[in-house]
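First comes the structure, then the notes that go with it.
Protein chains in written order, with the numbering used here: chain W, 149 to 810; chain P, 20 to 118.
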């Protein structure tokens, strides 16, 4: 089973292609389905038992997630025992669809890529479950919250473990549903319910892309499982078809990962409870698009046009998110814009082809840690500040919440890319990869490299702005409604420990995984091992340039938001600031381009339906009724009128007979 | 004397009977109109019997009388029954079919 698949030789940079999948069923792999089963069962139990499980439901949720992590860890250790070339495994669960010539079995693809996700999802997920126990302590519906969180974990694991695009689609929809339920968790407030609906609709647009891609794959390759599609001989397929599949997959990724032009939902998704923002809208679900692109690497490798579009989308989104992040005063929305921007980096890396896949996933993992940590930190700040989210109302919190300050600070250093923290190891690699010419196009290397470099500088500015506005400077706290002062306080231990663990990950994970290319080697069975060209600038120069930009960005933020006074009322600002505050008019554009024409279309369709279609059917009925009304008048009920009719009829009959006979 | 006069008389009697049935409201009078029409028919039957020199018409006239006698019994019974329930002998009050 170690033969190279044929596409590898046709890909330009491929030296060793991904290993073929090996079916396994015994040992630890037999319990792998429990990864999905445990959280799914827990979610079902919590939802079915209802209020009866209110007292202990949250602990069951934590337990299910932790158990899934343990199963994932055991599977991971078992996989580490195998040779690197034998680490792509297929666990068959059962037949799913058996219709004539079409067979599809449901199974799990265990390989370094999916195991990376399993560990990230279950580990960060479990920490956030623990955090939520305290964060949602005062909520009446805490049990329901945990049921949805478990549902999300199960769906996300289906998404990453599926061995076919169709099964992945089930998980894909599952995480969309969980995201919808959790954004709208406080749906008694109308704007939150609207935000949930917006996220769902934007995701549906992406889902259409995945469905079309599924159809194209089935028509082209005759199957939708990974072995058939990704192992196919791509040189025998027209490039136009592959480009079509690639673009449709990209549309799906844009919807799920909030990439341009389907990015508008992520900011509003912050309506959900903060742990949800940390788990779903920072660490895991929104990165599913990156997973999709990396998983479909063979398709993208054979469709350079689609790859170019992927890179362009990533570049646009990373600048878009960064610019929006600079102007937002809502701490969660600023973090959401940052997430969008960071996923832009990952998509850009994934679009670069074999040279970038491993770094996209690497950045995804480190981002999962530091961004989840910062979201939990934001939740802790909100917890201490009576659910205030306006950063202009924070300031000087470092003294009052020391643990939050330190953990958030580590996340901040990580996202800035300061060595030796996590972000440095992953983001700098992406910037370096962006500077490597693809197919000999030097202009692309310069363009996308500069965008990535510029993005790093803006990232440093807006993250420092967020950090300084919250923790440094003078107090700008609002007084409570009853006139008393706010008393910021540190969160309980159940909340601080997950933050501490994530902060340790933010600080050290990059070093552990990045040193000696460990992570890239670990992913090699999936992404292949590749030699690539040299970047147009020397790597050392790039690192130095990045650091200079980061320091400049951070110092600018320090001068404006830590030393000088931050006005409580947002100043009018430049035209760019005003545009960034409203997400660069994305909602206005969407409304003008899609929503309003759509409303006009539906209104005119309703009009046509009411006049033409209803007119025809109702008209037939009304004509019949009218005729009946006319005929009814002859039925007087008087015997004499009936008798007269009879007589008249008789006379007419006789007269007719006489006329005929004569 | 021409037999045509009998035919004309029968036609006049039938017309009067039909007009009575159609125009009068009292059930008894209507009933009398029916009888008049029956008798006009009888007269016609007898006249044609004489005209053709056959007895068939006269025999048929007897049958009509018998049936008419029976019909009178049933008809009067119905009228009496209606009168008992509705306190009225007007045929216009018997319009259940309509309402």
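The beta carbon of each residue, even a glycine, is placed where N, CA and C say it ideally should be.
In this text the structure is predicted, and so the values were computed from the model without any measurement.
Chain W contact for residue 110 of chain P (CB, 8 Å cutoff): For residue 110 of chain P, at least one C-beta of chain W is nearer than 8 Å to its own C-beta.
Amino acids of chain W, ordered along the chain, whose beta-carbon sits closer than 7 Å to that of residue 37 of chain P: The answer, in chain order, is 795.
Report the CB separation of residue 291 of chain W from residue 202 of chain W in whole angstroms; it is logged as a contact under 8 Å. 5 Å
Do residue 306 of chain W and residue 219 of chain W have their beta-carbon atoms positioned less than 8 Å apart in this structure? no
With burial defined as no fewer than 16 other Cβ atoms inside 10 Å of the residue's Cβ, what is the status of residue 160 of chain W: buried or exposed? For residue 160 of chain W, the predicted model reports a pLDDT of 41, less than 50, meaning its position is unreliable and no value from the coordinates is stated.
Element boundaries [alpha helix (DSSP H), containing residue 334 of chain W]: Neither: residue 334 of chain W is in no alpha helix (DSSP H) and is coded neither H nor E.
Can you name, in chain order, every residue of its own chain whose Cβ lies under 7 Å from the Cβ of residue 162 of chain W, other than the five neighbours on each side? Because the pLDDT at residue 162 of chain W is just 41, under 50, the model does not fix this residue reliably, and the point stays unresolved.
Best match in W:674, W:367 and W:573 for proximity to residue 664 of chain W [C-alpha to C-alpha]: W:573
Can you list, in chain order, the residues of its chain with a C-beta nearer than 7 Å to that of residue 375 of chain W? Leave out the 5 residues immediately preceding and following it. 169
Taking the Cβ atom as the reference point for each residue, do residue 469 of chain W and residue 486 of chain W lie within a distance shorter than 8 Å? Here residue 469 of chain W is near residue 486 of chain W, since their CB atoms are less than 8 Å apart.
Using a C-beta to C-beta distance shorter than 7 Å, which residues of chain C count as neighbours of residue 764 of chain W? Going by chain labels, chain C is absent from the structure shown, which instead holds the protein chains W and P.
Measuring only the C-alpha atoms, how far is residue 711 of chain W from residue 226 of chain W? 53 Å
Cα-Cα separation, residue 267 of chain W to residue 221 of chain W: Rounded to the nearest angstrom, the two C-alpha atoms are 7 Å apart.
With 16 other CB atoms within 10 Å as the buried threshold, where does residue 670 of chain W fall? buried
When DSSP labels each residue in this structure, what does residue 206 of chain W get in the three-state scheme? helix
For chain W, check one thing: does any of its Cβ atoms lie closer than 8 Å to the Cβ of residue 113 of chain P? yes
When DSSP labels each residue in this structure, what does residue 449 of chain W get in the three-state scheme? helix
Go to residue 244 of chain W, then tell me how far its beta strand (DSSP E) extends in each direction, as first and last residue. 237 to 247
How is residue 622 of chain W classed by DSSP in three states: helix, strand or coil? In this structure, DSSP gives residue 622 of chain W a state outside helix and strand, which the three-state scheme calls coil.
Name, please, each residue of chain W whose Cβ falls closer than 7 Å to the Cβ of residue 83 of chain P. Within chain W, no residue comes near residue 83 of chain P; the closest Cβ sits about 18 Å away, beyond 7 Å.
Outcome for residue 713 of chain W when other beta-carbon atoms lying within 10 angstroms are tallied against a minimum of 16: With fewer than 16 Cβ atoms within 10 Å of its Cβ, residue 713 of chain W is classed as exposed.
To the nearest angstrom, how far is the alpha carbon of residue 380 of chain W from that of residue 397 of chain W? 17 Å
Where the beta strand (DSSP E) containing residue 250 of chain W begins and where it ends: 250 to 258
Would you mind reading off the limits of the beta strand (DSSP E) that contains residue 170 of chain W? 170 to 172
Taking the straight line between their C-alpha atoms, what separation do you get for residue 805 of chain W and residue 71 of chain P? 22 Å
Alpha helix (DSSP H) segment containing residue 350 of chain W, residue limits: Counting along the chain, the unbroken alpha helix (DSSP H) around residue 350 of chain W starts and ends at 338 to 369.
Quick check on residue 149 of chain W: buried or exposed, where buried means 16 or more other Cβ atoms within 10 Å of its Cβ? Any reading at residue 149 of chain W must be qualified, since the residue scores a pLDDT of 36, below 50, and its modelled position is unreliable; the value itself is stated next. By the 10 Å Cβ count, residue 149 of chain W comes out exposed.
Considering only the alpha carbon of each residue, which of W:325, W:403 and W:705 lies closest to residue 608 of chain W? The option with the nearest alpha carbon to residue 608 of chain W is W:705.
Do you know whose CA, among W:683, W:426, W:403 and W:747, lies nearest residue 589 of chain W's CA? W:683
From this set, P:83, P:50 and P:68, which residue's C-alpha is nearest residue 76 of chain P's C-alpha? Ranking P:83, P:50 and P:68 by Cα distance to residue 76 of chain P puts P:68 first.
Going straight from the alpha carbon of residue 272 of chain W to that of residue 760 of chain W, what length do you get? 57 Å
CB contact below 8 Å: residue 776 of chain W versus chain P: no
How many Å lie between residue 261 of chain W and residue 614 of chain W at the Cα? Their backbone Cα atoms lie some 33 Å apart in a straight line.
Check whether residue 194 of chain W and residue 175 of chain W have beta carbons under 8 Å apart: Between residue 194 of chain W and residue 175 of chain W, the CB-CB gap reaches or exceeds 8 Å.
DSSP three-state assignment for residue 612 of chain W, whether helix, strand or coil: helix
Chain W contact for residue 57 of chain P (CB, 8 Å cutoff): no
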